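Student:
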Amino acid sequence: MIVAERKPLAEIIDMVKDHKKILVLACRGCVTVCSAGGEREADILASLIRLGLKKEGKQAEVATGSLVRQCDKEYIDGIDQWKGQYDAIVSTACGVGVNFIANLRDGDHVYPALNTTFFGGSAEQGVWREQCAGCGNCVLHLTGGLCPVARCAKSLFNGPCGGSVKGSCEINSDVPCVWQNIYDRMGTLDRQKELSVSQPIRDWSVGGHGGPRKQVRDDLTV
Amino acid sequence: MNFTPDIRLFSCHYTCQQTSAMDDNGLQHLDFPKNISINRVVCTGKIEITTLLQAFEDGADGVYVVGCPMNTCHNVKGSQRAAKRVETVRSALSELAVEPDRIKMYHTPRGLHHEFIEAAHEMNDTITELGPTPF
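Residue numbers (my numbering), protein chains in the order written: chain A, 51 to 272; chain B, 470 to 604.
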């Protein structure tokens with residue numbers, strides 16, 4: 051899922067301080083699962099915005115709503131149900147949702163409530179870890195399913211850097227050295243020999259270094 | 470300044486159930502401050518963050534939650550969850566440059582013990598000193 055976290059309240063309140071009718075718009079997709087921008091979090095944020103504005107002596111109506119997702123045109127059209135009831139939208143979706151609203155709603159002010167952080171999973175309750183970098187050229191078949199792009203601090207492709215200590219990354223002992231994990235796992239799978247094959251220099255143009263990416267599926271376009 | 474704070478208490482049924490059988494006179498007899506309104510809940514783990522924030526929106530100068538001791542909650546982890554949610558509100562108040570001590574979590578033995586009354590007095594003193602809500 052896409053993992054995100056709420057921006058500092060002062061930043062959000064500064065964005066909306068001149069608006070009188072604010073819609074805090076939740077997304078029932080990834081950000082609901084990671085407890086950053088679902089309906090519950092939108093209700094909390096709406097209350098905090100009301101309190102923050104009131105403290106600054108400003109009056110505003112702050113309502114909440116939610117969409118199934120904010121990354122599809124069909125769902126963005128659902129904003130029409132609040133037509134005339136807001137002069138600004140604070141989206142608790144990831145950055146994709148904010149962009150989609152901006153793309154599709156010419157006259158609407160839209161602000162991000164979250165900082166979108168990474169593609170990850172819930173390692174345990176309340177803890178999320180980055181697992182994928184969306185690099186456009188997956189190598190997980192070579193590394194036992196563990197990603198050296200997202201999970202190695204240096205995104206190395208040919209083994210560890212040498213800075214790890216007792217299986218932890220040198221940048222932070224809380225970060226496992228994924229190359230240690232890859233080596234151990236490939237051993238468990240009896241595939242360690244495959245790691246001696248050098249990986250060639252990588253083409254990062256598909257990893258975002260070639261500009262914004264676009265994907266077209268002719269079989270799905272009508 | 471002559472200030473009587475508006476304080477909202479959210480308390481677990483098991484902690485304050487005897488208070489439900491008392492009228493105002495009974496509570497006063499126990500020296501429970503009159504300016505604290507008691508909201509009894511089935512378990513403090515049931516209290517949502519929005520409920521605590523709503524109390525401030527409704528004009529409370531201070532809010533506190535009284536639940537079971539951390540490791541002996543009748544519902545196992547209810548009071549632990551409540552403590553986390555109170556802590557979240559404390560952080561949010563700090564972000565808004567409001568004194569975090571306007572909200573507090575207490576863990577007291579089940580049944581109406583003196584700790585329940587002491588918590589009320591401590592909260593009353595704290596909020597009286599902090600003054601009226603900035604909201």
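Built from N, CA and C at the ideal position, the CB exists for glycine as well.
Nothing here was measured: the structure is a model prediction, and the numbers come from that model.
Rounded to whole angstroms, what is the Cα-Cα separation between Ser506 (chain B) and Cys512 (chain B)?
Tutor: Using only the alpha carbons, I get a separation of about 17 Å.
Student: Under DSSP, the alpha helix (DSSP H) around Asn593 (chain B) begins and ends at which residues?
Tutor: From DSSP, the alpha helix (DSSP H) with Asn593 (chain B) extends over 583-599.
Student: Just the chain A side, please: which residues come within less than 8 Å of Val511 (chain B) by C-beta, in chain order?
Tutor: Here the premise fails: no neighbours, minimum Cβ distance about 19 Å.
Student: Kindly identify the DSSP beta-bridge partner or partners of Ser506 (chain B).
Tutor: Paired residues: B:Arg477.
Student: With DSSP run on the structure shown, which of helix, strand or coil describes Glu568 (chain B)?
Tutor: DSSP places Glu568 (chain B) in coil when its eight states are reduced to three.
Student: Among the candidates B:Thr473, B:Ile516, B:Tyr483, B:Tyr533, whose CA atom is the shortest distance from the CA of Lys573 (chain B)?
Tutor: Residue B:Tyr533 is the option with its Cα nearest to Lys573 (chain B).
Student: Looking at the structure shown, is Asn540 (chain B) part of a helix, part of a strand, or coil, going by DSSP?
Tutor: Asn540 (chain B): coil per DSSP, three-state reduction.
Student: Tell me which residues share the same chain as Gly547 (chain B) and place their Cβ nearer than 6 Å to its Cβ, disregarding the 5 neighbours each side in the sequence.
Tutor: If we look at Gly547 (chain B) and ignore the five residues flanking it on each side, its Cβ neighbours are Cys512, Thr513, Gly514.
Student: Among the residues of its own chain, which have a CB less than 8 Å from the CB of Val66 (chain A), if the five just before and after it don't count?
Tutor: Around Val66 (chain A): Ile72, Ile99, Leu103, Ala110, Ala138, Val140, Tyr161.
Student: With a threshold of 6 Å on Cβ separation, who are the neighbours of Gly145 (chain A) within its own chain once the five nearest residues in sequence on each side are excluded?
Tutor: Cβ neighbours of Gly145 (chain A) beyond the five flanking positions: Thr166.
Student: Is the number of C-beta pairs between the region 243-262 of chain A and the region 179-192 of chain A that are closer than 8 Å three or more?
Tutor: Taking 8 Å as the limit for Cβ pairs, the verdict is that the region 179-192 of chain A does touch the region 243-262 of chain A.
Student: Just the Cα atoms here: how many angstroms apart are Asp530 (chain B) and Ala551 (chain B)?
Tutor: Their Cα atoms are separated by approximately 20 Å.
Student: What's the C-alpha gap between Met539 (chain B) and Lys553 (chain B)?
Tutor: Rounded to whole angstroms, Met539 (chain B) to Lys553 (chain B) spans 11 Å at the Cα level.
Student: Specify, as a first and last residue, the run of the alpha helix (DSSP H) that Asn471 (chain B) falls within.
Tutor: Taken as a continuous stretch (DSSP letters only), Asn471 (chain B) belongs to no alpha helix (DSSP H), as it is neither H nor E.
Student: Pick from A:Ala113, A:Ala143, A:Tyr136, A:Gly115: whose alpha carbon is nearest that of Asp122 (chain A)?
Tutor: For Asp122 (chain A), the nearest C-alpha among the options comes from A:Ala143.
Student: Do the CB positions of Ile151 (chain A) and Leu522 (chain B) come within less than 8 Å of each other?
Tutor: Cβ atoms of Ile151 (chain A) and Leu522 (chain B): not closer than 8 Å.
Student: Give the DSSP-derived three-state secondary structure of Cys306 (chain A) in the structure shown.
Tutor: As shown, chain A starts at 51 and ends at 272. That puts residue 306 (chain A) outside it, with no answer to give.
Student: Between the alpha carbons of Arg509 (chain B) and His482 (chain B), how many angstroms are there, rounded?
Tutor: In a straight line, the C-alpha of Arg509 (chain B) is about 6 Å away from that of His482 (chain B).
Student: Would you please verify whether the beta carbon of Leu599 (chain B) is less than 8 Å from any beta carbon of chain A?
Tutor: Chain A contact via Cβ: absent.
Student: Taking C-beta pairs closer than 7 Å, name the residues in chain A that Thr519 (chain B) reaches, listed in chain order.
Tutor: The answer, in chain order, is Asp93, Ile94, Ser97.
Student: Give the interface partners of Glu564 (chain B) over in chain A, defined as CB-CB distance under 7 Å, in chain order.
Tutor: The contacting residues are Pro58, Leu59, Ala60.
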